[in-house]
Amino acid sequence: MTAPPGAGPGSKAALRPPRGRLPPCPADVAWAQTCAPMPLYSLLDSAVARFGASVATNFLGKAMSYSELGRQVDLVSAGLQRLGVVKGSKVGLFLPNSPTFIIYYYAVLKAGGTVVNYNPLYTVDELAFQVRDSDTDLMVTLDLKLLFSKVEALLQSGVLKRAVVASFASLLPPTKSVLFRLFKSKELSRPQASPMHGRIHLEPEVTADHGPPKPVAIDPVNDIAVLQYTGGTTGTPKGAMLTHANAYINTLQVVSWAPELKDGGERVLGVLPFFHVFAMTVVMNFAIAKASEIVIMPRFVLDDALKLITQTKPTVMPGVPTLFTALMNHPRIKSFDLSSLKFCLSGGAPLPVEVKEGFERLTGCKLVEGYGLSEASPVVTCNPINGVGMRSGKIGVPLPSTYVSLRSLDDATVEVPQGEKGEVCIAGPQVMKGYWNRPQETAAVFTPDGYLRTGDVARMDEEGFFAIEDRIKDLIICSGYNVYPRQIEERIYEIPEVEEVTVIGIKDKYRGEAPKAFIKLKDGRETNADAVMAYLETKLSKIELPAAIEFRDALPKTMIGKLSKKELKEEEAARQTKA
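If you read the sequence shown in my numbering, its first letter stands for residue 8, the second for the next number, and so on.
Spelled out as structure tokens, the structure:
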């Protein structure tokens, strides 16, 4: 069998398929299917053409049809072109889950631009780094103070050139909109009164109807649709270049995994943040490919989520293990109706067997685990959704046209025998083009024969199912988010009293893992955990903040004097075993 196209820079070499038979697939899924690359926005165009009258989004009670969504995308796309967005322009989305995110995401693509996803929880320093690194020219945000104040700071510093600011209240149903403006006006900013108003475009300027957008010729295999920032295997933020073909085909790979779902007949709960690559593909793009209704939550609040499930009756709910844990452990869970759910997909972090089995007993729907990473758009493997052949505690089997090869931890050119553990290396049409402006890092993350090295260590059983057993990369997976100890350590080293610091991941019942910092102070210097946390709160996002800080007179080191994490991890494991 020939290897799949678009397998990253190494695809020019002859990709060598892993040893053995074809990967196992559910009986109703063809692994060897092919998919013609298309512009990513064609997912929406197809949904509009087929199901224009169907509901596309439901946001806090306000619905929008696919026809209206398509019209808004065209208006905004043309407006962005009037603002100078051309093929290759980098447009940042600094937005919570909302119809605004979906509209501008597809509008940027249709205008020929590249979407740069930004985490709304980022600090100004973190945003500034990404703006500079990605060459983001224009940032889209809402007039919520929590968001606009950061964008305004970027404009004032000169890091960011321009911004588009949309109205949050206008997204709400009429009554809620009036009440929000009356009683929560303190949460809104007034961008028109900002000292930076000359570089701010309000949304009416963008959405003014001056005709359709100008067609832009897209080369799906080579043109970059999304810059998705990730720490990769090193922790240094890098923009994974996801082409139109990467994201489009990965969406259709996921769609093909659930053939029993009906086009125009499903309802997907959008509780995961769209800026995260998992939700971008498995919630937003997947739902639109199926012409489903997207029930959008701007942020996760447990009680609100359960009420929304009861009221709107979603059929599909992608999530992370912490989401399913929170839902099933709600003290009044039996007072809510979760019976509408057909299946739930878990990703972003290992799914504990007890969570999977407990959630399935509670709801009667199947909860299946998958695996992926930003560099693969992101989905690589998944358990069968119909439950036949599903393996608890395993990440499943490769999606259609996806190769997974386990390589020796000593030599990534050598494939390990079945049953032995090796580094997960992947090839397929969803694998990124490379890292933005980082040719050396790009070369380092691909094997000579064109496979993407993930830094994860797995073992394949005799039936072709994979189980993650370890990580090569220094990474903490916290509530489905990648947290890199190095980033936390660098910020702690900025504190004058600190001489040495080591950050490791510790087990956390709710988040799966959480960071813990071990600190050695300089002789004669003093500080405390509260002071360290107060400093870090201005430098790190909430998810990166240490769950615990421990001061020590000395930190363990290797024989050559390098700080060692092995001993601290062993201590924490022993401590939790005793507990």
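Ideal Cβ positions, reconstructed from N, Cα and C, are used throughout, including at glycine.
These numbers were taken from a predicted model, which means no experiment stands behind them.
If you check the beta carbons only, do residue 380 and residue 461 fall under 8 Å apart? yes
Near residue 230, what residues of its chain come up, given a Cβ to Cβ distance below 7 Å and the 5 sequence neighbours on each side ignored? 250 and 251
With a 10 Å radius around its C-beta and 16 neighbouring C-beta atoms as the bar for buried, classify residue 501 as buried or exposed. exposed
Rounded Cβ spacing between residue 286 and residue 279 (contact assumed at less than 8 Å): 4 Å
Mapping DSSP to helix, strand and coil, what is residue 95? coil
In this structure, how does DSSP classify residue 5 when only helix, strand and coil are distinguished? It is not possible to answer for residue 5, since the shown part of the chain is limited to 8 through 586.
Hey, residue 404 and residue 46 are a contact pair by Cβ (cut 8 Å); roughly how many whole angstroms apart? With a Cβ gap of about 29 Å, residue 404 and residue 46 do not count as contacting.
Residue closest to residue 495, alpha-carbon to alpha-carbon, out of 517, 528, 49 and 554: 554
Restricting to Cα atoms, I'd like to know which of 158, 211, 362 and 301 is closest to residue 327. 362
For residue 352, list the residues DSSP reports as bridge partners. Residue pairing of residue 352 in beta bridges, as defined by DSSP: 375.
Range covered by the alpha helix (DSSP H) that runs through residue 89: 73-89
Label residue 269 either buried or exposed according to how many other C-beta atoms from any shown protein chain fall within 10 Å of its C-beta, with 16 as the threshold for buried. exposed
If distances are taken between C-alpha atoms only, which option among 205, 256 and 209 comes closest to residue 5? Absent from the model: residue 5. The displayed extent of the chain is 8 to 586, so no value can be given.
Pull up the CB-CB distance for residue 443 and residue 246, whole angstroms please, since I reckon it's below 8 Å. About 4 Å; that satisfies the 8 Å criterion.
Would DSSP call residue 298 helix, strand or coil? coil
Would you mind giving the Cβ-Cβ distance between residue 167 and residue 282, rounded to the nearest angstrom? I have them listed as a contact below 8 Å. The Cβ separation is near 17 Å, so there is no contact.
Beta-carbon within less than 7 Å of residue 113's beta-carbon, same chain only, minus the 5 sequence neighbours each way: which residues are those? Counting only Cβ-Cβ distances below 7 Å, and skipping sequence neighbours, we find 48, 51 and 80.
On the DSSP letters alone, give me the boundaries of the alpha helix (DSSP H) that residue 539 sits inside. 536-543
Can you tell which of 66, 263 and 329 has the C-alpha that lies nearest to the C-alpha of residue 485? 329
Going along the chain, which unbroken runs of the beta strand (DSSP E) with 3 or more residues stay wholly within the segment 454-538? With a minimum length of 3 residues, the continuous beta strand (DSSP E) runs that stay inside the segment 454-538 are 459-467, 473-478, 483-485, 488-490, 505-515 and 519-528.
With DSSP run on the structure shown, which of helix, strand or coil describes residue 555? strand
Would you report the Cα separation of residue 258 and residue 528, rounded to the nearest angstrom? Straight-line measurement puts the Cα of residue 528 at about 49 Å from the Cα of residue 258.
Do residue 581 and residue 556 have their beta-carbon atoms positioned less than 8 Å apart in this structure? no
In whole angstroms, give me the CA-to-CA distance for residue 284 and residue 512. 22 Å
Beta-carbon separation (whole angstroms), residue 90 vs residue 145, contact threshold 8 Å: 7 Å
By Cβ distance, which residues of its chain are closer than 7 Å to residue 141, with the 5 residues on each side in sequence left out? Excluding residues up to 5 positions away in sequence, 97, 123, 234, 246 and 443 lie with their Cβ nearer than 7 Å to the Cβ of residue 141 in the same chain.
Could you please give the first and the last residue of the uninterrupted alpha helix (DSSP H) stretch that includes residue 412? Unbroken run through residue 412 is the beta strand (DSSP E), 410-414; no alpha helix (DSSP H).
Have a look at 574, 552, 41 and 548 and flag the residue whose alpha-carbon is nearest the alpha-carbon of residue 129. 548
Residue 124 in three-state terms, based on DSSP: strand
Rounded to the nearest angstrom, how far is the Cβ of residue 346 from that of residue 371, given a contact under 8 Å? For residue 346 against residue 371, the beta-carbon gap comes to about 7 Å, under 8 Å, which counts as contact.
So is residue 68 buried or exposed if we call it buried at 16+ other beta carbons inside 10 Å? Classification of residue 68: exposed, given that the 10 Å Cβ count is below 16.
Check whether the segment 290-310 touches the segment 61-76, taking contact to mean three or more Cβ pairs, one atom from each stretch, closer than 8 Å. yes
From 457, 180 and 579, pick the residue whose C-alpha is nearest to that of residue 515; which is it? 579
Which first and last residues belong to the beta strand (DSSP E) in which residue 248 is found? 245-250
Short of 7 Å in beta carbon distance, which residues of its chain neighbour residue 139, apart from the five on each side in sequence? Order them along the chain. Hits under 7 Å: 166.
Straight-line Cα distance separating residue 447 from residue 21: Per-residue confidence for residue 21 stands at a pLDDT of 45, beneath the threshold of 50, marking its modelled position as unreliable; no derived number is given.
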